[in-house]
Amino acid sequence: MNNIILYLLAFLYFNTNEQQCVNWKEARTFHFYNLPRNVTTERIKWPDIEKLKPVKINNAARILSNSECKEQTMAIWKDEYLLIVEFNDGKKRKFKVSGYGGFLYEPGGKFYFVQEKDRDEWQSVIQALKAQGLPDN
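All letters in the sequence shown, in the order written, are residues 1464 to 1600 by the working numbering.
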């Protein structure tokens, strides 16, 4: 009986602590950034992000609201961009945006895949980021 209780407690703990998919409808701002050389989304600190110049993309909310949230263990990264999303509750979250494919990743969280019908528009977002170039270090 004790084993069953321990199993149920462990099951509840891991299921309630699993990160849920982002509700993009709760997001209010989307700011993309070109990362400085040799810096990754996972390692960049919030004070350093505040020093970067954001690239505002107006259609990101609509594109991402259609994205598919999935568990994924591996992805191919060609280029990496940073996306900071501020939500209605004032919290900000970092996302790693792939310049190679139509997806992004929340470090420690889930992958979000852009729908096929939005791929061309998403690629125009990536091209706008590339056009901005790397910030001066």
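Note that beta-carbon positions come from the ideal geometry of N, C-alpha and C, so glycine has one too.
With a cut-off of 8 Å on Cβ pairs, the segment 1561-1579 is not in contact with the segment 1511-1520, counting fewer than three such pairs. Of all C-beta pairs linking the segment 1536-1547 to the segment 1484-1497, three or more are shorter than 8 Å, placing the two stretches in contact. Taking all protein chains shown into account, E1531 has fewer than 16 neighbouring C-beta atoms within 10 Å of its C-beta and is therefore exposed.
In the same chain as D1552, and ignoring 5 residues on each side of it, the C-beta atoms closer than 8 Å to its own belong to E1489, in chain order. Distance from the Cα of P1570 is smallest, within the candidate group E1534, L1527, I1520, for E1534. A buried status is given to K1557, since no fewer than 16 other beta-carbon atoms sit within 10 Å of its beta-carbon.
Separation of E1549 and Q1595 (C-alpha to C-alpha, rounded to the nearest whole angstrom) is 22 Å.
Annotation for K1593: the continuous alpha helix (DSSP H) segment containing it runs 1582-1595. The continuous alpha helix (DSSP H) containing I1512 extends over residues 1509-1512.
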